[in-house]
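Chemist: Residue numbers for the first sequence follow the working numbering, beginning at 70 and rising by one.
The C-beta atom is built at its ideal place from N, Cα and C for all residues, glycine as well.
If you're wondering where the values come from, they're calculated on a predicted model, not measured in any experiment.
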Amino acid sequence: MLDLKFIRDNVGKVREGIKKKNSQADLDEILKLDETRRNLLKEVEVMKAERNRVSKELGVIKSRGEDISGKSAEMKMFSQKIKDIDSEVVDVTQKLDCLMLAIPNIPNEAVPVGLETDNKTVKEWGKKKDFGFKPLPHWELCEKLDIADFKRASKVSGTGFVVFKGNGALLERALINFMLDVHIKEHGYKEIIPPFLVNEASMTGTGQLPNLKEDMYSVDKEGLYLIPTAEVPVTNLYAGEIFPEAELPLYHAAFSACFRKEAGSYGKDTRGMKRIHQFDKVELVKFVVPESSYEEHEKLLSDAEKILQKLGLHYRVRLLASGDMSFAAAKCYDIEVYSPGCNEYLEVSSCSNFEDFQARRANIRYRAQSGKTAYVHTLNASGVALPRTFIAVLENFQMEDGRIAVPEALRPYMGGMAYID
RNA sequence: GGAGAGGUGGCCGAGUGGCCGAAGGCGACGGUUUGCUAAACCGUUGUACGGGCUAAUACCCGUACCGGGGGUUCAAAUCCCCCCCUCUCCGCCA
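And the structure:
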């Protein structure tokens, strides 16, 4: 959420930001409601001051044992008027808050303006492998090796789910543990295992609600949502809290399953596990002071990249254009790993700086040395998402004889296994 | 699921209708003392919103806030109702 005062003082910038993000947010209505609200407040606060003054007097008079019934009847009417204006204020404020929640974060100046087609590749690591044979897509490899089962998964849960089996399950588990170990032992993150169901306040705090409601699974009876990413519970861990500055920056690494309806993407990436409703992910979340957030953003990106480097997977880094960034992000890099079986780059991480956008929504602050409180900056990145990494490992390390060579970095996590066959 | 207790400022904790934005303590900040540190002593110390004045998030005024929402009252931290959360005990269960 943006600061209302900031919006008031920077109408041009905000309007431009909304446009860059391709958003429909109604800025004019917000400005109108804001003015109405302030006028009402001015009026009612003067009345309240009067009421407070008279009430105090009446207390004194009554304590002397004198009669106050006449004056008190008069004040009753006055109080009713106050109540009427107050309810108008509540009404206007609710409308205002609702519209405010729909205003996206403003893109950082370094972000290219435009749509998905304007994303820029800012880095490439490794290169496409020369196989000497036609590499198979992962769904064929999975079936041949019997390590993942899409048919049976759809029998128990419907389309868009997967079952890992045998060495496939082992590979999945190895990847999770490998990623966590790298981030915890080498990059200084503290591990978190969060709840996979969260309440509405948490979903609003990180900005998934109200805009992405359609894409979320919910348990309506309990008012809970299945998390689409560990970002939600981990960021909201500190909702309403104030960090001492000395505790920042705070780094968290969290494993979780993630649940996404992927509404509106039917017919896209339907084969295999490029886009599934439940997937595993290791998420990195940072809480930092505002001055350091862009420096921390670069470090975050390199922490996530490290995983693919250690696995020896060719990838590229894309700086997202304003219209392709998420609602809450100010700047975002996508890491895309190469899939030779599908011959395309697959997103495995979005590495975002939210500045104070989430912190303001979730009310996460820090107390500076000076004693002043201010909103922290929050950042997160997948470190990294499992299914597409799983795909990349299978497809990049497949051999002509049908076996998969296990990347060196994963072998210790698979009991020394060198090949999946 | 049943019974009970409780939720007050950065933290702990007093406060059952007006003189309570809220005692006291801790912490933090400033100062005195001090070779340094510690201790002691003195002082300061909530947030949000609106308005005024501004270079200013400095200052002044006002309003609101004692888990959240509603009600009673001239007046609510305090009384009433609903909800949420925490703790203890019992039951059920992985």
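Which runs of the alpha helix (DSSP H) spanning at least 4 residues fall entirely within the region 95-132, listed in chain order?
Modeler: Those alpha helix (DSSP H) runs which fall completely within the region 95-132 and span 4+ residues are 96-132.
Chemist: Curious, which full-length beta strand (DSSP E) runs of at least 3 residues does the region 381-463 contain?
Modeler: Correct list: 384-388, 400-408, 413-422, 434-436, 442-444, 446-454.
Chemist: Can the beta-carbon of G81 be found closer than 8 Å to that of I175?
Modeler: Not in contact: G81 and I175 (Cβ atoms no closer than 8 Å).
Chemist: Grab me the residues of F230's own chain with a C-beta within less than 7 Å of its C-beta, minus the 5 sequence neighbours each way, in chain order.
Modeler: Result list for F230: A222, S223, I345, H346, Q347, in chain order.
Chemist: I need the straight-line Cα distance from P497 to P204, nearest angstrom please.
Modeler: With the chain covering 70 to 490 only, the question about residue 497 has no answer from this structure.
Chemist: From this set, L239, E98, Q163, which residue's C-alpha is nearest G485's C-alpha?
Modeler: Checking every option, the nearest Cα to that of G485 belongs to L239.
Chemist: Taking the CB atoms as reference points, tell me whether E300 and E352 lie closer together than 8 Å.
Modeler: Yes. Within cutoff.
Chemist: Only counting the same chain, and skipping five residues up and downstream in sequence, which positions put a Cβ closer than 7 Å to that of K278?
Modeler: The sequence shown places Leu at residue 278, not Lys. Within the same chain, L278 has close Cβ partners E269, M272.
Chemist: Quick check: A399 and E365, are their CB atoms within less than 8 Å of each other?
Modeler: No, the pair does not count as a contact, with Cβ atoms beyond the cut-off.
Chemist: Is the beta carbon of S418 sitting closer than 8 Å to the one on S451?
Modeler: For S418 and S451, yes; Cβs fall inside 8 Å.
Chemist: Are at least three pairs of beta-carbons, each pair with one atom in the region 181-193 and one in the region 148-161, less than 8 Å apart?
Modeler: Judged by Cβ distances under 8 Å, the region 181-193 makes no contact with the region 148-161, as fewer than three pairs qualify.
Chemist: Note down the Cα distance separating H207 from I460, rounded to an integer number of angstroms.
Modeler: If I take the Cα positions, the gap works out to 6 Å.
Chemist: Taking A315 as the reference, give the member of K220, F356, T298, D284 with the closest Cα.
Modeler: Selected option, being the one with the closest Cα: F356.
Chemist: Would you identify the three-state DSSP class for I473, choosing helix, strand or coil?
Modeler: Of the three classes helix, strand and coil, the one that applies to I473 here is strand, per DSSP.
Chemist: Determine, using beta-carbon pairs with one atom in the region 102-115 and one in the region 155-168, whether at least three such pairs fall under 8 Å.
Modeler: Touching, yes.
Chemist: Can you give me the Cβ contacts of L71 inside the same chain, cut-off strictly under 6 Å, excluding the 5 residues immediately before and after it?
Modeler: Result list for L71: I172, in chain order.
Chemist: Under a three-way DSSP split, which group does V267 fall into?
Modeler: It is a strand residue.
Chemist: Output the distance between the C-alpha atoms of S395 and D215, rounded to the nearest integer angstrom.
Modeler: If I take the Cα positions, the gap works out to 37 Å.
Chemist: Using a Cβ-Cβ cutoff of less than 6 Å, which residues in the same chain neighbour F312 once the five nearest sequence positions on both sides are dropped?
Modeler: Once the five neighbours on either side are set aside, the close Cβ partners of F312 are Y435.
Chemist: Can you list, in chain order, the residues of its chain whose CB lies under 7 Å from that of Y307, leaving out five sequence neighbours each side?
Modeler: F356, I433.
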